[in-house]
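S.K.: Note that the working numbering has the sequence shown beginning at -2, numbered continuously upward.
Cβ atoms here follow ideal geometry from the backbone N, Cα and C, with glycine treated the same way.
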Amino acid sequence: MSFEIRAIAERDIAAFHAVLDSVARERQFLSFLEAPPLDQIRSYVLNNIENGQSQFVVVDDGRIVGWCDILTNTRKTIYAHCGTLGMGLLPSWRGRGIGRALIRRTVDAALGSGLTRIDLTVREANLNAIALYKSVGFATEGLHRNAVRIDGCYENVISMAFVADEAKLTGTPDDEASR
Ligand SMILES: CC(C)(COP(=O)(O)OP(=O)(O)OC[C@H]1O[C@@H](n2cnc3c(N)ncnc32)[C@H](O)[C@@H]1OP(=O)(O)O)[C@@H](O)C(=O)NCCC(=O)NCCS
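#1: Hey, would you say I147 sits closer than 8 Å to R22, going by beta carbons?
#2: What does a CB cutoff of less than 8 Å around R60 pick up in its chain, not counting 5 residues either side in sequence?
#3: Across the segment 95 to 103 and the segment 51 to 67, are there enough close Cβ pairs to call them in contact, namely three or more that are closer than 8 Å?
#4: Rounded to a whole number of angstroms, what is the C-alpha to C-alpha distance between V154 and D58?
#5: When you compare only the Cα positions, how much space is there between D105 and E152?
#6: Report the rounded CA-to-CA distance for N143 versus T118, giving the unit in angstroms.
#7: Is L129 near ligand 1, going by C-beta to nearest heavy atom under 7 Å?
#8: Counting C-beta neighbours from all protein chains within 10 Å, is the total for V54 16 or more, i.e. buried, or is it exposed?
#9: Does DSSP classify G111 as helix, strand or coil?
#10: Between S132, G94, H141, I127, which lies nearest to E1 when the distance is taken from Cα to Cα?
#11: In three-state terms, what does DSSP make of D116?
#12: Please report the residue range of the beta strand (DSSP E) in which E138 lies.
#13: Ignoring anything shorter than 3 residues or poking outside the segment 31 to 58, list the beta strand (DSSP E) runs there in chain order.
Printed below as a string of structure tokens:
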């Protein structure tokens, strides 16, 4: 298997937009049913690059076939340690271990940039994605009942998170004693 995972670059924007749009139009996985317009995606990606956000693409033989990003809300100081993950691959590249390599690379980059919590939401029927997230250390935090309505049908959404260094974050007895 020969594919490359690398940080997104300005030259990738149109191809990234096309992949995002294609996965969105499958209607089964993402929270939107088509990609935002290209000019919005351009600003979004350029902003992510400028702010050092963790956004990676998968390149196979020169073609962008997937993405994963973990984005912080830079305006909310008390949540500055948190990032939200989104990802997707074109159908022919699924089920070949690429998603696992891609999420590991992106999570490592996000943790390396100082994030300590990564959250995501996933539609309950998306069993492959849920299995992947669990297998790399995400835990389920909540069930959002009927959070999605698509073509007149409701679907539950699951929230999951990866929390780094939980003992340190929640405080240990030693921390309490030293206060
Ligand atoms: C979800 C997605 C990113 C996973 O990437 P992938 O490359 O298909 O997954 P991998 O081949 O790396 O598999 C990693 C793990 O995911 C799970 N998984 C992936 N495909 C699976 C399948 N067809 N059946 C069961 N489990 C599967 C397994 O736990 C697997 O681990 P294993 O191979 O050790 O059993 C990809 O399938 C995808 O793009 N789906 C559509 C878009 C989407 O759902 N995005 C996420 C929205 S929240």
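M.R.: According to the structure data:
#1: The sequence position of residue 147 within the sequence shown is 150, counting from 1. The sequence position of residue 22 within the sequence shown is 25, counting from 1. Cβ distance not < 8 Å, so I147 and R22 don't count as in contact.
#2: Position 63 of the sequence shown, counting from 1, holds the residue named residue 60. Result list for R60: A12, in chain order.
#3: yes
#4: For the purposes of this step, residue 154 is identified with residue 157 of the sequence shown, where counting begins at 1. For the purposes of this step, residue 58 is identified with residue 61 of the sequence shown, where counting begins at 1. One C-alpha to the other measures close to 35 Å.
#5: Residue 105 sits at position 108 when you count from the first residue of the sequence shown. Residue 152 sits at position 155 when you count from the first residue of the sequence shown. Distance between the alpha carbons of D105 and E152 is about 31 Å.
#6: Translated into the one-based positions of the sequence shown, residue 143 becomes position 146. Translated into the one-based positions of the sequence shown, residue 118 becomes position 121. Going from the Cα of N143 to the Cα of T118 covers about 13 Å.
#7: Looking up residue 129 in the sequence shown gives position 132. Flag set: Cβ of L129 near ligand 1.
#8: One-based indexing of the sequence shown puts residue 54 at position 57. The residue is buried, with at least 16 neighbouring Cβ atoms inside 10 Å.
#9: Indexing the sequence shown from 1 puts residue 111 at position 114. In the structure shown, G111 sits in coil (DSSP, three-state: anything other than H, G, I, E or B).
#10: Looking up residue 1 in the sequence shown gives position 4. The shortest Cα separation from E1 among S132, G94, H141, I127 belongs to G94.
#11: Mapped onto the sequence shown, residue 116 falls at position 119. Here D116 sits in strand by DSSP.
#12: Locating residue 138 in the sequence shown gives position 141, counting from the first residue. Run containing E138: 136 to 147, per the beta strand (DSSP E) assignment.
#13: 51 to 57
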